[in-house]
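Structure first, commentary second.
Numbering (the numbering used here), first residue to last: 1210 to 1293.
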């Protein structure tokens, strides 16, 4: 079982990129009041065409929690900004 908080969301997103089946894993978000299981992880990409070449980069991570809420993590340069 892995429990993460707001402060460690950047580390958990890096780890979730390697997880094949998120629903079978035991990963929980602790918001300070309760634990909520992570049931989904999606990567939102931006696609660009530069000089005839297609370029794709990760723009945002979306963690879906068991209670239906989402935790959005925007990538801005080398930093991650959490939006809930």
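C-beta: ideal position from N, C-alpha, C; glycine also.
Start-to-end residues for the beta strand (DSSP E) that takes in residue i
i	result
residue 1195	In the structure as shown, the chain begins at 1210 and stops at 1293. Residue 1195 is therefore absent and cannot be evaluated.
residue 1292	1288–1292
Simplified DSSP assignment, three categories, for residue i
i	result
residue 1256	strand
residue 1218	helix
residue 1244	strand
residue 1224	helix
Buried versus exposed call for residue i [16 or more other C-beta atoms within 10 Å across all chains shown]
i	result
residue 1266	exposed
residue 1244	exposed
Any non-hydrogen atom of the ligand NAP closer than 7 Å to residue i Cβ
i	result
residue 1257	Ligands are entirely absent from the displayed structure, and the ligand NAP is therefore not among its contents.
Proximity test, Cβ basis, 8 Å: residue i and chain D
i	result
residue 1262	Checking the listed chains, one finds no chain D in this structure; it contains a single protein chain.
Nearest-angstrom beta carbon gap, residue j and residue i [assumed within contact, 8 Å]
i	j	result
residue 1246	residue 1257	With a Cβ gap of about 35 Å, residue 1246 and residue 1257 do not count as contacting.
residue 1282	residue 1270	4 Å
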